[in-house]
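Participant: Numbering that gives the first Met the number 0 numbers the first residue of the sequence shown as 0 and each following residue consecutively. Backbone N, C-alpha and C define an ideal beta-carbon position, used for all residues, glycine too. Since the structure is predicted, the reported quantities are computational estimates derived from the model, not experimental observations. My questions all concern the structure below.
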Amino acid sequence: MFELTSFEASTALPAFGLLLQCVAIFQCLRLIQLANRSNIVTWRVVLGVLLTSGLVQFAVIANWINISSNSIDIVAWMAVLSNAFALLITTAMRNTVVDLKTEKDVRHQLTKFDTRTGLPNRSSLMDELQTRLASEYSFGLAILSFNRFKQLYESVGETTGNNLLREMVERIKSMSNDAFISQVAANEFVLIFPWVDEAHTLAYCTNILKAQEPIYLVDGLSLYVDASIGVVSSPEHGNTASELLGRADVALERSKVALNRCHVYKPEFGSNALKRMQLVAELRQAIGEGGLSLMYQPIVEQHTQRIIGAEALVRWFKPDGTQVFPDQFIPLAEEERSVTDLTDWVLNQGLETLAVWQVEYPDLHLHVNLATADIQDRTCWSRIRAALERHNISPSTLVVEITEGAITEDPNTAIEVANEIADHGVGVAIDDFGTGFSSLQRLKVLPVEEIKIDRSFVMEMQNQKSDQAIVESTIHLAKNLNCRVTAEGVESIEVARLLESWGCEQLQGYYFGKPVSAEAFYALLREQRALERLHGDLPSEVKQDLSNRLRA
């Protein structure tokens with residue numbers, strides 16, 4: 000038997016490494032065979048040929064064979080190396096089979112699993128659903144979507160984004176030992192449960208959502224994500240994969256109305272789904288292609304009757320001239336999680352206009368409304384800062400308006416975001432004050448500089464004693480908290496005088512001006528400037544004339 004260990008010990012050459020050159024060894028053996036048979040070519044000549052040919056290793060082999068065999072039975076040695084060569088070929092073929100199998104496994108991995116998280120992908124999900132549907136066993140299904148993940152992923156970069164994604168998956172897995180989990184998009188996961196009990200499913204999904212609440216610490220960054228879940232069950236909500244996934248998606252969209260909530264599909268969810276989806280698509284197109292416009296409603300200082308600011312109000316007219324009212328499309332944008340895009344558009348459009356106005360009116364303020372999703376978004380200040388810097392606007396001339404409802408959705412996050420905004424010099428106002436809950440409790444911890452009394456209390460105040468009491472007490476409360484007060488919905492001189500008697504500093508409403516275009520608002524500013532130059536401190540009759548012009 001050919002002893003490879005003996006060979007390695009005698010020659011200090013790796014045996015299996017040399018087998019890769021077996022073809023050349025056979026050429027070497029041919030020379031040895033000739034030398035041994037004819038005695039014409041001596042071993043010295045053989046070795047010389049090998050050395051001058053650069054085959055140093057083969058020269059060592061030939062010499063070792065000669066010493067070991069005393070030049071006897073070269074054919075036997077050829078048989079030994081022939082067997083070794085056969086072994087090499089067999090090993091190579093075996094490795095080729097292994098490589099082919101590995102390649103097949105890799106292809107399977109790529110087509111059936113997500114490359115970033117290793118979870119089964121949509122293809123695997125469809126296979127699993129077909130299997131379960133064929134078994135006729137009931138099961139539950141949920142779609143989990145991380146809200147605004149695309150913006151977060153892009154802001155932190157690919158490496159940190161992928162690390163965050165894997166951390167998110169680990170939290171899902173920690174709460175989902177009984178579920179089949181698949182990843183169907185960067186921010187969407189489908190879970191299949193081996194039960195259909197609705198209460199059990201909702202409790203299970205709520206725990207999954209709670210697991211996402213703690214801050215993620217990834218690559219030195221503190222990151223916050225929130226999620227929504229839509230739930231269906233088979234066969235109650237569908238007998239095919241497409242039916243189940245489609246209805247789970249409808250329930251998911253419904254759940255996005257309230258952050259960190261999950262909803263089970265109900266038939267009424269889908270009654271207006273097609274019309275709603277079409278409107279959503281049109282809204283996104285309008286945001287991206289300039290199909291929206293801004294109107295500006297004057298905010299007037301009480302004791303001077305001067306325009307000191309404007310509230311930016313978005314309007315949407317379709318190409319055919321049809322108007323979609325804000326109370327229709329803004330809630331829709333909030334549900335579809337595209338409201339942050341809408342807010343960014345309003346910010347940039349409004350600040351661009353303000354930059355033009357401030358050339359002549361540097362103290363003019365702009366008020367912009369923030370949605371619930373904005374005040375719950377920990378990147379909110381960075382978005383505002385980018386818009387301010389883009390248009391070279393001082394933070395002190397911007398006021399963001401947030402509602403009480405936006406605060407109560409997630410108070411801790413709202414307070415943190417509001418403080419970050421205020422710390423950088425942007426004013427924070429509570430809009431629609433009095434219509435939300437726990438107002439007093441939140442006011443003492445929020446960085447509020449202005450309270451805007453909701454129009455529902457102001458418009459009928461002249462005839463409603465209860466409204467008068469609410470408005471008067473709100474003004475006194477605001478003053479005690481060192482907050483400025485703006486009354487919305489002022490539509491008569493009588494209401495304006497009542498508000499003045501209680502010390503309300505700012506007024507807004509149709510009595511002073513309807514929302515108008517940027518050009519019309521600029522014309523009002525110039526007319527006001529002309530009257531001031533003509534009359535100095537405006538007398539009451541001139542103030543009244545200006546008010547009449549604003550209302551026109």
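(1) When DSSP labels each residue in this structure, what does F188 get in the three-state scheme?
(2) Tell me the residue span of the alpha helix (DSSP H) that contains H475.
(3) For W356, report the span of its beta strand (DSSP E) as first-last.
(4) Among residues of its own chain, excluding the 5 on either side of L291, which ones have a beta-carbon nearer than 6 Å to its beta-carbon?
(5) Pull up the distance between the alpha-carbon of R483 and that of F520, whole angstroms please.
(6) Alpha carbon to alpha carbon, how far is G349 from E400? Give it in angstroms, no decimals.
(7) Quick check on this structure: which residue in Q277, P330 and E281 has the alpha carbon closest to the alpha carbon of K255?
(8) Within the continuous beta strand (DSSP E) that includes E400, where are the two ends?
(9) Might you give, ordered along the chain, the residues of its own chain that have their beta carbon closer than 7 Å to the beta carbon of T159, omitting 5 neighbours on each side?
(10) For a minimum of 4 consecutive residues, which ranges assigned as the alpha helix (DSSP H) are wholly contained in the segment 247-318?
(11) Going by C-alpha to C-alpha distance, which of P193, R260 and G308 sits closest to L357?
(12) Kindly indicate which three-state DSSP category G320 falls into: helix, strand or coil?
(13) Using the three-state DSSP reduction, which class does R147 fall into: helix, strand or coil?
(14) Please look up how many angstroms separate the CB atoms of L480 and I306, rounded, as I've assumed it's under 8 Å.
(15) With DSSP run on the structure shown, which of helix, strand or coil describes T378?
(16) Which residue wins for smallest C-alpha separation from H390, given the options G424, V355, E419 and H364?
(17) Cα separation between I180 and V155?
(18) Quick check on the DSSP output: what are the complete alpha helix (DSSP H) runs of length 4 or more inside the segment 179-234, in order along the chain?
(19) Where does R532 sit, in a helix, a strand or coil, going by DSSP?
(20) Is the distance from the Cβ of H366 to the Cβ of I298 below 8 Å?
(21) Where does V367 fall in DSSP's three states?
(22) Between the alpha carbons of E531 and F328, how many angstroms are there, rounded?
(23) What first and last residue would you give for the beta strand (DSSP E) that runs through T485?
(24) Between D225 and Q211, is the Cβ-Cβ spacing less than 8 Å?
(25) Would you say G426 and V444 are within 8 Å of each other, going by their C-beta atoms?
(26) Taking all protein chains shown into account, decide if N411 is buried (16 or more other Cβ within 10 angstroms of its Cβ) or exposed.
(27) Determine the burial state of E333: buried for a count of at least 16 other Cβ atoms within 10 Å of its Cβ, exposed for fewer.
(28) When DSSP labels each residue in this structure, what does E415 get in the three-state scheme?
(29) How would you write the range of the alpha helix (DSSP H) that K513 sits in, first residue to last?
(30) Out of S337, I420 and T352, which one is the CA nearest neighbour of T378?
(31) Find the nearest neighbour of A486 within the set S465, Y510, F192 and Q527, judged by alpha-carbon distance.
(32) Whole angstroms are fine: how far does the CA of L208 sit from the CA of R382?
(33) Could you please give me the residues that DSSP links to G139 through a beta bridge?
(34) Return the CA-CA distance between N368 and A311, expressed in angstroms with no decimal places.
(35) For A529, is the classification buried or exposed, using 16 other Cβ atoms within 10 angstroms of its Cβ as the cut-off for buried?
(36) Which value, in whole angstroms, describes the spacing of the CA atoms of A417 and R384?
Facilitator: For this structure:
(1) Correct three-state label for F188: strand.
(2) Counting along the chain, the alpha helix (DSSP H) containing H475 begins and ends at K464 to N479.
(3) Under the DSSP assignment, W356 falls outside any beta strand (DSSP E), being part of the alpha helix (DSSP H) whose first and last residues are V338 to W356.
(4) Within the same chain, Cβ atoms closer than 6 Å to the Cβ of L291 are found at A285, V313 and W315, the five residues on either side in sequence being excluded.
(5) Taking the Cα positions, R483 is about 24 Å away from F520.
(6) The straight-line gap separating the alpha-carbon atoms of E400 and G349 is approximately 14 Å.
(7) Comparing alpha carbon positions, the residue from Q277, P330 and E281 closest to K255 is P330.
(8) Counting along the chain, the beta strand (DSSP E) containing E400 begins and ends at L397 to T402.
(9) Within the same chain, T159 has close Cβ partners V217, D218 and L220.
(10) Correct list: 272-288.
(11) Note that residue 357 corresponds to Gln in the displayed sequence, not to Leu. Nearest option by C-alpha distance: G308.
(12) Under the three-state reduction of DSSP, G320 is assigned to coil, being neither helix nor strand.
(13) In the structure shown, R147 adopts coil according to DSSP, grouped into three states.
(14) Cβ atoms of L480 and I306 stay farther apart than 8 Å, at about 26 Å.
(15) When DSSP states are grouped into helix, strand and coil, T378 belongs to the coil group.
(16) Selected option, being the one with the closest Cα: V355.
(17) About 26 Å.
(18) Listed in chain order, they are 197-210.
(19) Note: R532 maps to helix in three-state DSSP.
(20) Cβ atoms of H366 and I298: closer than 8 Å.
(21) If DSSP states are grouped into helix, strand and coil, V367 belongs with the strands.
(22) The alpha-carbon separation between E531 and F328 amounts to approximately 40 Å.
(23) Per DSSP, T485 is one residue of the beta strand (DSSP E) stretching across R483 to A486.
(24) Contact flag set, yes.
(25) At least 8 Å separates the beta-carbon of G426 from that of V444.
(26) In summary, N411 is exposed, with fewer than 16 beta-carbon neighbours lying within 10 Å of its beta-carbon over all protein chains present.
(27) Its Cβ being crowded by 16 or more others within 10 Å, E333 is buried.
(28) E415 falls in the helix class under three-state DSSP.
(29) Segment: none, K513 is in no alpha helix (DSSP H) and carries neither H nor E.
(30) Of S337, I420 and T352, the residue nearest in Cα terms is I420.
(31) Selected option, being the one with the closest Cα: Y510.
(32) Across the structure, R382 and L208 are spaced so that their CA atoms are roughly 26 Å apart.
(33) G139 pairs with F192 and S232.
(34) Cα to Cα, the separation comes out at about 8 Å.
(35) Its Cβ having fewer than 16 others within 10 Å, A529 is exposed.
(36) Those two C-alpha atoms are separated by around 13 Å.
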